[in-house]
Amino acid sequence: MKVRKPRRRRHRSNTYYGSAYGTGKRKRFSRRLKVGLYVLAVFIFGLMVCVATIGLGSAVKARTILFIPTGAGYAQVQDSLRASGNVQMLKFEVLSRIKGYPETVKPGRYVLDRGVTALAVVNKLRAGDQDEVRITFNKIRSVSQLAGIVSKRIEADSVSIVRVLSDSAFLSRFTYAFEGADSAMEAALRVNPANVLGCFIPNTYYFYWDTDAEEFFKRMYWELNDFWEGERQAKADSMDMDRLEIISLASIVEEETNKKDERADIASVYLNRLRRRMLLQADPTVKYAVGDFGLKRILKEHLAVESPYNTYKERGLPPGPICTPSISSIDAVLENKQTKYLYFCAKPDFSGYHVFATSYASHLANARAYQRELNKLGVK
Numbered sequence: 215m216k217v218r219k220p221r222r223r224r225h226r227s228n229t230y231y232g233s234a235y236g237t238g239k240r241k242r243f244s245r246r247l248k249v250g251l252y253v254l255a256v257f258i259f260g261l262m263v264c265v266a267t268i269g270l271g272s273a274v275k276a277r278t279i280l281f282i283p284t285g286a287g288y289a290q291v292q293d294s295l296r297a298s299g300n301v302q303m304l305k306f307e308v309l310s311r312i313k314g315y316p317e318t319v320k321p322g323r324y325v326l327d328r329g330v331t332a333l334a335v336v337n338k339l340r341a342g343d344q345d346e347v348r349i350t351f352n353k354i355r356s357v358s359q360l361a362g363i364v365s366k367r368i369e370a371d372s373v374s375i376v377r378v379l380s381d382s383a384f385l386s387r388f389t390y391a392f393e394g395a396d397s398a399m400e401a402a403l404r405v406n407p408a409n410v411l412g413c414f415i416p417n418t419y420y421f422y423w424d425t426d427a428e429e430f431f432k433r434m435y436w437e438l439n440d441f442w443e444g445e446r447q448a449k450a451d452s453m454d455m456d457r458l459e460i461i462s463l464a465s466i467v468e469e470e471t472n473k474k475d476e477r478a479d480i481a482s483v484y485l486n487r488l489r490r491r492m493l494l495q496a497d498p499t500v501k502y503a504v505g506d507f508g509l510k511r512i513l514k515e516h517l518a519v520e521s522p523y524n525t526y527k528e529r530g531l532p533p534g535p536i537c538t539p540s541i542s543s544i545d546a547v548l549e550n551k552q553t554k555y556l557y558f559c560a561k562p563d564f565s566g567y568h569v570f571a572t573s574y575a576s577h578l579a580n581a582r583a584y585q586r587e588l589n590k591l592g593v594k
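Structural data, given as structure tokens:
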């Protein structure tokens, strides 16, 4: 009988003990990892709850208007908000850091409504989502007057606005000529300090607060061209007059009467005189030349003033408008009403209306009647 040798058993002790040791280590690591992830999850959840609590709760107690000047930094924003006393600063500052706002401060005017969250405030400021300002002006008689009104609404101060509107080199880049006009007309109708008021059409406009002086003028020049596109330009062309001439004449009409329903008649007087090459003899131009729109009575000494604006001495229209004429005055000139009137005088009843005449004799009679009433009132 063949004797079988017993099968040799492989020694596995090392493998066994090594495997047991590794498994324990992995289990402990796994438990630690789970604990770590759990702690991290709890931390993240807590952070989210904290951020939500800070960011989603109301942070503005009352409507607040925040102005951030050009070049201002985060510290200045903090100071302004803190000074208002209406914003919960801790919420704002925590979220500002989280959102990286201190490095992205943008200038502007921002309206923070009552009850908005800190997150909404930070997002608004970070995006530069500023609120517009409204600028309304009517009859303006000087650049300084216009600058005073505008500087109260935008960041640019009155000094910088006056400087820009008096800068011949800057203004010469713009023209009253219509788009497509030849170079000769463009050159003849360049904007300059004497006629710059004609670039401003009285109305209500919306701007961003951080608009500077040059940007303000460029925007108004764009509005001017938009105003003249289409029918108004066609009417001016049919009258063989350019924009500056229409605006300059409209400014005289504007100063002559507050009655919209007689502006077309007054415009017709001056148009008729221009066509006959007569002196306009417009009293408002004398007041402008003298520098006193408050004059109640034009005397001989006023008529003798040497000025390109004195239409008692200088033929044709003045070199520029004497005020910013209203849209109704511009349209009254463009209406080109056909009359034979060559003269007009204020009615002696002081109603603000005028009486019109086709002859000088009739005009003198009307003028004497008005002067008699002035004398009765002792108006000098």
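Position in the sequence shown (from 1) plus 214 gives the number in the numbering used here. Backbone N, C-alpha and C fix where the C-beta goes; we use that ideal spot for every residue, glycine too.
Distance from the CA of Thr471 to the CA of Gln447, rounded to the nearest whole angstrom, comes to 25 Å.
With a contact defined as Cβ atoms closer than 8 Å, Val467 and Ala546 qualify at about 6 Å.
Boundaries for Ile415: no beta strand (DSSP E) harbours it, and the DSSP string shows neither H nor E there. Remark: C-beta atoms of Phe414 and Ile354 approach each other more closely than 9 Å. Non-local beta-carbon contacts of Ala286 in its own chain, meaning distances under 7 Å to residues more than five positions away in sequence, involve Val319 and Pro321 in chain order. Collapsing the DSSP output to three states places Ala560 in a strand. Taking 4 residues as the minimum length, the alpha helix (DSSP H) runs contained wholly in the segment 495 to 572 are 497 to 504, 514 to 517 and 541 to 549, in order along the chain.
Beta-bridge partners assigned by DSSP to Ser272: Thr331. Pro539 and Gly299 have their C-alpha atoms roughly 44 Å apart. For Tyr324, the enclosing beta strand (DSSP E) stretches over residues Gly322 to Leu326. As far as DSSP is concerned, Ile312 takes part in no beta bridge. With the rule of 3 Cβ pairs closer than 8 Å, the segment 528 to 538 does not count as touching the segment 547 to 554. Within the model, the alpha-carbon separation for Tyr419 versus Thr572 is close to 41 Å.
Linking Gly362 to Ile349 through their CA atoms gives a straight-line distance of about 12 Å. DSSP, read as helix, strand or coil, puts Leu360 in helix. At the C-beta level, Gln290 and Ile282 come within 9 Å of one another. Residue burial is scored here from C-beta neighbours: Gly412 has at least 16 other C-beta atoms within 10 angstroms and is therefore classed as buried.
Closest option to His516, judged by alpha-carbon separation, among Ile536, Gly534, Gln495 and Pro535: Gln495. With three or more CB-CB distances shorter than 8 Å, the segment 517 to 525 counts as touching the segment 494 to 508. Contact between Val325 and Ile279 is confirmed by a C-beta separation of about 6 Å, below the 8 Å threshold.
Cβ-Cβ distances below 8 Å link Ser294 to Leu280, Phe281 and Ile282 in the same chain, with the five nearest sequence neighbours on each side left out; the list follows chain order.
The beta carbons of His568 and Ala560 sit about 6 Å from each other, so the pair counts as a contact at 8 Å.
Listed in chain order, the non-local C-beta contacts of Lys473 below 7 Å within the same chain comprise Gly566 and Tyr567, local neighbours out to five positions each way being set aside.
In the structure shown, Ile354 falls within a coil segment according to DSSP collapsed to helix, strand and coil. Burial is judged here by how many other beta carbons sit within 10 angstroms of a residue's own beta carbon; Glu317 has fewer than 16 and is exposed. In the three-state DSSP reduction, Phe441 falls in the helix class (H, G or I). DSSP links Val347 through a beta bridge to Phe421.
For Ile368, there is no enclosing beta strand (DSSP E), as DSSP gives it neither H nor E. The C-beta distance from Tyr523 to Tyr502 rounds to 5 Å, short enough to meet the 8 Å contact threshold.
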